[in-house]
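Take a look at the structure below.
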Ligand SMILES: [Zn+2]
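Residue numbers (the numbering used here): 276 to 564.
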């Protein structure tokens with residue numbers, strides 16, 4: 276569903292479309308390159324979205340690169356906004372505690388190592404947490420060498436490119452083995468990177484998904500007319516799905532819906548249908564459970 280929203284709201288490039296197509300189609304054990312990995316020189320063996328199991332523990336690998344005697348385990352995150360780390364705990368831009376992605380990565384590395392040993396491989400694993408969204412910032416008390424920030428991405432790729440990649444049958448055999456061990460049901464969809472600034476704002480038609488032209492909310496394409504409250508609530512739900520870290524405020528929804536010029540209308544609908552969370556500096560709304 277998220278992918279379809281993105282497809283409507285962004286001018287996706289052919290690469291993004293290919294990417295989305297592979298997500299929709301599901302994993303096929305294929306070797307493909309990812310958007311941000313396109314700058315890698317040829318001949319890397321890259322596997323995506325592997326869902327594996329060791330001793331009844333399920334773990335998900337976002338991106339795995341097999342390179343000679345090394346395996347790179349990459350967890351690619353599209354976080355947006357200001358995150359903070361305090362006492363090893365991660366907080367999102369709304370100040371809510373969330374899962375520590377470094378712990379998840381570490382768990383993944385340990386389980387992968389055990390699985391590889393069981394299969395008879397003894398590669399060195401290097402694990403990295405990669406943030407690709409330029410709108411991301413992390414307040415972290417100490418440096419963490421396994422985190423790659425958007426501004427370091429190019430240097431990281433350069434570093435990878437300087438290593439010679441001489442792959443042989445052993446590497447291809449491993450890739451095939453891992454792909455065959457992959458479990459079908461992946462709980463997390465992969466999305467192309469997007470930002471609030473770049474995505475197309477507006478309200479889409481409930482019926483045909485084309486963008487509505489003005490506040491009458493009458494679709495020029497199919498003639499469908501939706502009640503303003505219903506249309507805005509539907510847009511808010513879409514907003515929270517695409518941007519779970521952004522706060523729902525009169526301003527943010529006014530921006531998001533764009534064709535509703537009256538902030539008063541937005542404020543009325545928010546106040547009537549959502550829960551107001553009071554904060555000394557800035558209050559915001561939350562969808563009712
Ligand atoms: Zn329509």
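Yeah, the Cβ is synthetic: ideal placement off N, Cα and C, and Gly gets one too.
Asked: Just the Cα atoms here: how many angstroms apart are residue 513 and residue 283?; Found: 12 Å
Asked: What is the residue span of the alpha helix (DSSP H) that residue 387 lies within?; Found: 376-394
Asked: From residue 550 to residue 361, what does the alpha carbon distance come to, in whole angstroms?; Found: 28 Å
Asked: Kindly provide the chain-ordered list of residues whose Cβ lies closer than 5 Å to any non-hydrogen atom of ligand 1.; Found: 480, 482, 483, 494, 496, 497, 499
Asked: With a threshold of 8 Å, are at least 3 pairs of Cβ atoms found where one atom belongs to the region 364-371 and the other to the region 386-397?; Found: no
Asked: Quick one: give me the first and last residue of the beta strand (DSSP E) that residue 513 is part of.; Found: Element bounds for residue 513: not the beta strand (DSSP E) but the alpha helix (DSSP H), 503-517.
Asked: Report the residue ranges of all beta strand (DSSP E) runs contained in full by the region 406-447; include only those spanning at least 3 residues, in chain order.; Found: 411-414
Asked: Excluding the 5 residues flanking residue 358 on each side, which residues of the same chain have their C-beta closer than 8 Å to its C-beta?; Found: 365, 366, 367, 368, 411, 412, 413, 414
Asked: So, with DSSP's three-state summary, where would you put residue 543?; Found: helix
Asked: Residue 338 bridges to which residues according to DSSP?; Found: 323, 349
Asked: What is the DSSP secondary structure of residue 455, reduced to helix, strand or coil?; Found: helix
Asked: How many angstroms separate the CA atom of residue 239 from the CA atom of residue 396?; Found: A query on residue 239 cannot be resolved here, the shown segment of the chain reaching from 276 to 564 and no further.
Asked: Could you check the C-alpha separation between residue 488 and residue 538 for me, to the nearest Å?; Found: 18 Å
Asked: Contact defined as beta carbons within less than 8 Å: I believe residue 520 pairs with residue 356. What is the distance between those atoms, to the nearest angstrom?; Found: 5 Å
Asked: Would you kindly check if the distance between the Cβ of residue 544 and the Cβ of residue 504 is under 8 Å?; Found: yes
Asked: For residue 448, which residues of its own chain have a beta-carbon under 7 Å away from its beta-carbon, when the five flanking residues on both sides are left out?; Found: none
Asked: Between the Cα of residue 338 and those of 536, 404, 486, 376, spot the shortest distance and give me the residue it belongs to.; Found: 404
Asked: How big is the Cα-Cα spacing for residue 335 and residue 442?; Found: 24 Å
Asked: When the Cα atoms are used, what is the spatial distance from residue 557 to residue 435?; Found: 44 Å
Asked: Does DSSP put residue 488 in a helix, a strand or coil?; Found: coil
Asked: Residue 511 and residue 523 look like a contact to me (Cβ under 8 Å); what is the Cβ gap, rounded to whole Å?; Found: 6 Å
Asked: Pull up the distance between the alpha-carbon of residue 486 and that of residue 494, whole angstroms please.; Found: 8 Å
Asked: Kindly indicate the opening and closing residues of the alpha helix (DSSP H) around residue 552.; Found: No alpha helix (DSSP H) contains residue 552, which is instead part of the beta strand (DSSP E) from 550-552.
Asked: I need the boundaries of the beta strand (DSSP E) containing residue 530, first residue and last residue.; Found: Per DSSP, residue 530 belongs to no beta strand (DSSP E); it is in the alpha helix (DSSP H), 525-532.
Asked: Measure the Cβ-Cβ separation of residue 377 and residue 407 and say whether it is below 8 Å.; Found: no
Asked: Within 10 angstroms of its Cβ, does residue 554 collect 16 or more other Cβ (buried), or is it exposed?; Found: exposed
Asked: Specify the secondary structure class of residue 493 as computed by DSSP and reduced to three states.; Found: strand
Asked: Might you give, ordered along the chain, the residues of its own chain that have their beta carbon closer than 8 Å to the beta carbon of residue 541, omitting 5 neighbours on each side?; Found: 507, 525, 528, 529, 532, 535
Asked: Do residue 326 and residue 457 have their C-beta atoms within less than 8 Å of each other?; Found: yes
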